[in-house]
Amino acid sequence: MNAIPDRRLVIVVRADPVICGHSGEARNLAEVALTRGFDDVRIVTWPLDRLEETGLPLKPLDTVLPYSPGITVERPDPVGGYKIPDGRYLAGLTGRLIELFTDGVPTVCLSLYLSPHTIAVADAVRAAHATGLPVNVTTVAEAVGSDVTDIVRACVEEGRFGAAAHVLSSYLSQDHCVAVSRYTKEVIVEAASEIDERFGTTFASECAARIAISYPAIDTSSYLVLDPEVTDEYLAARGLTRDGYVLFLSRLGAAKGVDDLIDGFAASMTNHSRTLVIAGRGPEAEEFRAYAASSPAADRIVFLDDVGDEEKPHLMAGCAAYALPSKPRPEFTETFGIALVEEMLAGGGPVITCDTGGIGEAVGDTALMVPVEDPAAIAAAIDRAALGMTDFERAAHRERAREHGLHFDRERVFDRLMAGISVTV
55 MNAIPDRRLV IVVRADPVIC GHSGEARNLA EVALTRGFDD VRIVTWPLDR LEETGLPLKP
115 LDTVLPYSPG ITVERPDPVG GYKIPDGRYL AGLTGRLIEL FTDGVPTVCL SLYLSPHTIA
175 VADAVRAAHA TGLPVNVTTV AEAVGSDVTD IVRACVEEGR FGAAAHVLSS YLSQDHCVAV
235 SRYTKEVIVE AASEIDERFG TTFASECAAR IAISYPAIDT SSYLVLDPEV TDEYLAARGL
295 TRDGYVLFLS RLGAAKGVDD LIDGFAASMT NHSRTLVIAG RGPEAEEFRA YAASSPAADR
355 IVFLDDVGDE EKPHLMAGCA AYALPSKPRP EFTETFGIAL VEEMLAGGGP VITCDTGGIG
415 EAVGDTALMV PVEDPAAIAA AIDRAALGMT DFERAAHRER AREHGLHFDR ERVFDRLMAG
475 ISVTV
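If you use this note's numbering, the sequence shown closes out at 479, no skipped numbers anywhere.
Structure representation (structure tokens):
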């Protein structure tokens, strides 16, 4: 018979194989929890077939690194028949949370994404208490990105009070509320203020008072100590050489500025001696491939859609520059920029990006900033990073970027996040 756990952490999130920085953050928090007194760590997420049906960009399953022993990934089956479309999956997830909250184990439950994960947790806590069974759960809700820039903002713009109230009240019902950047908190408070002004509610003041900042947790060790020979092997397998390419590695979506990067690369002097590598998957992948094919630099642009967790740090370490010219869009604004920090830690070429959303908090003063939607500025930054820096300048830049990136080490982030959280055992 299995021993009853003493202390459990449950993380509710869109987990691997989804290409999303916060699926990696969930993994990192789970790994640290094993070293911080949690003897039962669970990631509760969605069935693989449902993730595939959504059209979300997914990693090839054989490239996803395994979790450490002690971490259980649960993908509850849907509940009900075909007449209840997406609600079947939410019922399965919420039902499993109720079971975990009522089995007597002291539990911390962290939800990443307010809709639907925090909503599911809030519903599960209410139902768990209604059972009359003993419940010992402390909840933490983390607002991470499109749950704010898409869901809450859309509710405000469309005047959908009920949907906005559902998200915000569920968020504020949690014991602890955090956001992944100051920018994210500002967006929440601003949206809540508009709701309050229109409908006479008081969400904004509570959000302003209660939301703390908890930056994403990154496994710095995966990027800081890379074997140069292994890096060279990965690059050779792709037909690449160290400092021989400019890298984009992220989700292929309109908000990531891939079209601007393609134009900027084509206009740069660097394109005569380097390759542009665009790595990732996403909803606009085919459009960007077609766009690149029509570029004057088409023969020097390469797309990779099968980069795994092990290869990613090495691609970052070997590049002459890493470019992510993200831009605000109605459906998405970069609320932090986890990939930017990963690149800074890997020690590749300088980061080229735009000061939009929470990116400034991620990179500090260590990136080459360009205006949004400005290919000419991107071209100049690429040339500066790949051709214009001396070896000494590149080394100094790399060291400063790494030092800033260490602020987001997963152990530091976990310990700060849990500092004010107590669970009675």
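We put the CB at the ideal spot given by N, CA and C, even for glycine.
A quick note: this is a predicted structure, and the numbers were derived from the prediction, not measured.
query = Which residues in the same chain as Asp177 place their Cβ atom closer than 6 angstroms to its Cβ, once the five residues preceding and following it in sequence are excluded?
reply = The residue given as residue 177 occupies position 123 in the sequence shown. Closer than 6 angstroms at Cβ, skipping near neighbours: Thr148.
| message | Check whether chain C comes within 8 angstroms of Arg90, counting only Cβ atoms and requiring the distance to be less than that. | response | Any reference to chain C falls outside this structure, which holds one protein chain only.
- Task: Alpha carbon to alpha carbon, how far is Ser304 from Gly418? Give it in angstroms, no decimals.
- Result: Walking along the sequence shown from the start, residue 418 turns up at place 364. Walking along the sequence shown from the start, residue 304 turns up at place 250. Spanning the two alpha carbons is a distance of roughly 20 angstroms.
* Asked: Within 10 angstroms of its Cβ, does Leu422 collect 16 or more other Cβ (buried), or is it exposed?
  -> Taking the first residue of the sequence shown as position 1, residue 422 is located at position 368. Flag for Leu422 reads buried.
In chain order, what residues of the same chain lie with their CB nearer than 8 angstroms to the CB of Leu280, ignoring the 5 residues before and after it?
-> In the sequence shown, counting from the first residue as 1, residue 280 sits at position 226. If we look at Leu280 and ignore the five residues flanking it on each side, its Cβ neighbours are Pro367, His368, Ala371, Ala400, Gly401.
Coarse secondary structure for Leu330, derived from DSSP in three states: The residue you call residue 330 lines up with position 276 of the sequence shown. Strand, per DSSP.
Just to confirm, is the Cβ distance from Ala246 to Cys231 under 8 angstroms? Translated into positions along the sequence shown, residue 246 becomes position 192. Translated into positions along the sequence shown, residue 231 becomes position 177. The criterion of a C-beta distance shorter than 8 angstroms is not satisfied by Ala246 and Cys231.
Nearest candidate by alpha-carbon position, reference Val95, set Tyr121, Asp103, Val72, Ser77: Reading the sequence shown from its first residue, position 41 is the one you call residue 95. Val95 has its Cα closest to that of Tyr121, out of Tyr121, Asp103, Val72, Ser77.
**Asked** Taking DSSP as the reference, what is the three-state secondary structure of Cys74?
**Response** Locating residue 74 in the sequence shown gives position 20, counting from the first residue. Cys74 falls in the coil class under three-state DSSP.
Residue environment, Thr509, which counts as buried when at least 16 other CB atoms sit within 10 Å
The chain is shown only over 55 to 479; residue 509 falls outside these bounds and no answer can be derived.
**Item:** C-alpha distance - Phe92 paired with Pro160, whole-angstrom precision
**Value:** In the sequence shown, the residue the question calls residue 92 occupies position 38. In the sequence shown, the residue the question calls residue 160 occupies position 106. Phe92 and Pro160: Cα-Cα distance of roughly 10 angstroms.
For this session: Leaving out five residues on either side along the sequence, give the residues of the same chain with a beta carbon under 7 angstroms from the beta carbon of Arg354.
Result: Taking the sequence shown and counting its residues from 1, the one referred to as residue 354 is at position 300. Taken in chain order, the residues that qualify are Asn325, Thr329, Leu330.
Q: Count the other C-beta atoms from every protein chain shown that fall within 10 angstroms of the C-beta of Phe390, then say buried if there are 16 or more, exposed otherwise.
A: Translated into the one-based positions of the sequence shown, residue 390 becomes position 336. Answer is buried; the Cβ neighbour count reaches 16.
Check whether the Cβ atoms of Ala346 and Leu306 lie closer than 8 angstroms to each other.
Against the sequence shown, residue 346 aligns to sequence position 292. Against the sequence shown, residue 306 aligns to sequence position 252. Not in contact: Ala346 and Leu306 (Cβ atoms no closer than 8 angstroms).
When DSSP builds the beta bridges, which residues end up paired with Arg96? Translated into positions along the sequence shown, residue 96 becomes position 42. Looking at the DSSP output, Arg96 sits in a beta bridge with Val64, Thr126.
Distance CB(Gly311)-CB(Val395) smaller than 8 angstroms: Taking the sequence shown and counting its residues from 1, the one referred to as residue 311 is at position 257. Taking the sequence shown and counting its residues from 1, the one referred to as residue 395 is at position 341. The answer is no: Cβ separation not under 8 angstroms.
Suppose you measure from the CA of Gly141 to the CA of Asp103; what does that come to, to the nearest Å? In the sequence shown, counting from the first residue as 1, residue 141 sits at position 87. In the sequence shown, counting from the first residue as 1, residue 103 sits at position 49. Their Cα atoms are separated by approximately 15 angstroms.
Exercise. How many angstroms separate the CA atom of Val83 from the CA atom of Ala473?
Worked result: Along the sequence shown, read from residue 1 onward, the residue named residue 83 stands at position 29. Along the sequence shown, read from residue 1 onward, the residue named residue 473 stands at position 419. Position check: residue 83 holds Leu in this sequence, whereas Val was assumed. One C-alpha to the other measures close to 14 angstroms.
Where DSSP assigns a beta bridge to Glu196, which residues make up the other side? If you number the sequence shown from 1, residue 196 lands on position 142. Partner(s): Leu166, Val232.
DSSP state of Phe386 mapped onto helix, strand, coil: Residue numbering aside, residue 386 sits at position 332 when the sequence shown is read from its first letter. Phe386: strand per DSSP, three-state reduction.
* Asked: To the nearest angstrom, how far is it from the Cα of Glu128 to the Cα of Thr99?
  -> Taking the sequence shown and counting its residues from 1, the one referred to as residue 128 is at position 74. Taking the sequence shown and counting its residues from 1, the one referred to as residue 99 is at position 45. So the two alpha carbons sit approximately 6 angstroms from each other.
Taking just the CA atoms, how far does Glu283 sit from Val241? Position 187 of the sequence shown, counting from 1, holds the residue named residue 241. Position 229 of the sequence shown, counting from 1, holds the residue named residue 283. About 44 angstroms.
Below 8 angstroms on the Cβ atoms is my contact criterion, and I expect Pro404 with His451 to pass it. Report the Cβ-Cβ distance as a whole number of Å. Numbered from its first residue, the sequence shown carries residue 404 at position 350. Numbered from its first residue, the sequence shown carries residue 451 at position 397. That pair is a contact at about 6 angstroms.
Taking 8 angstroms as the limit between beta carbons, can you name the residues of its chain near Pro37, skipping five residues before and five after?
Residue 37 cannot be examined here, being either before or after the span of the chain that is shown, 55 to 479.
- Could you please give me the residues that DSSP links to Arg191 through a beta bridge? Taking the first residue of the sequence shown as position 1, residue 191 is located at position 137. With the sequence shown as reference, residue 191 is identified as Val, and Arg is not the correct amino acid for it. In DSSP, Val191 forms a bridge with Thr161.
**Prompt:** Helix, strand or coil: which one does DSSP assign to Thr256?
**Reply:** Numbered from 1 along the sequence shown, position 202 holds the residue referred to as residue 256. Correct three-state label for Thr256: coil.
Notebook entry, point to check: Taking three-plus beta-carbon pairs below 8 angstroms as touching, is the region 179-197 in contact with the region 215-231?
Noted result: yes
- Task: Could you spell out where the alpha helix (DSSP H) holding Thr108 opens and where it closes?
- Result: Here residue 108 corresponds to residue number 54 of the sequence shown, with the count starting at 1. It spans 102-108 - the alpha helix (DSSP H) in which Thr108 sits, taken as one unbroken run.
- Taking Cβ positions, are Val66 and Ser165 nearer each other than 8 angstroms? Here the question's residue 66 lines up with position 12 in the sequence shown. Here the question's residue 165 lines up with position 111 in the sequence shown. The answer is yes: Cβ separation under 8 angstroms.
| message | Just to confirm before moving on: does the CB-CB distance between Val234 and Ala266 stay below 8 angstroms? | response | Here residue 234 refers to the residue found at position 180 of the sequence shown. Here residue 266 refers to the residue found at position 212 of the sequence shown. Cβ atoms of Val234 and Ala266: not closer than 8 angstroms.
Query raised in the report: Which of helix, strand or coil does DSSP assign to Leu222?
Result: Here the question's residue 222 lines up with position 168 in the sequence shown. Note: Leu222 maps to helix in three-state DSSP.
ask   = Counting along the chain, where does the beta strand (DSSP E) carrying Tyr376 start and finish?
value = Numbered from 1 along the sequence shown, position 322 holds the residue referred to as residue 376. Note, Tyr376: beta strand (DSSP E), 375-378.
TODO: With DSSP collapsed to three states, give me the class of Val361.
DONE: One-based indexing of the sequence shown puts residue 361 at position 307. DSSP places Val361 in coil when its eight states are reduced to three.
Can you name the start and end residues of the alpha helix (DSSP H) that Phe302 belongs to? The residue labelled residue 302 in the question sits at position 248 within the sequence shown. That residue, Phe302, is in no alpha helix (DSSP H); its beta strand (DSSP E) goes 299-303.
Opposing strand residues paired with Ala266 [DSSP bridges]: In the sequence shown, residue 266 corresponds to position 212, counting from 1. The partner list for Ala266 (beta bridge, DSSP) reads Val232.
Exercise for the section: Report buried or exposed for Thr89, applying the criterion of at least 16 other Cβ atoms within 10 angstroms of its Cβ. Expected result: Working through the sequence shown from its first residue, we reach residue 89 at position 35. So Thr89 counts as exposed.
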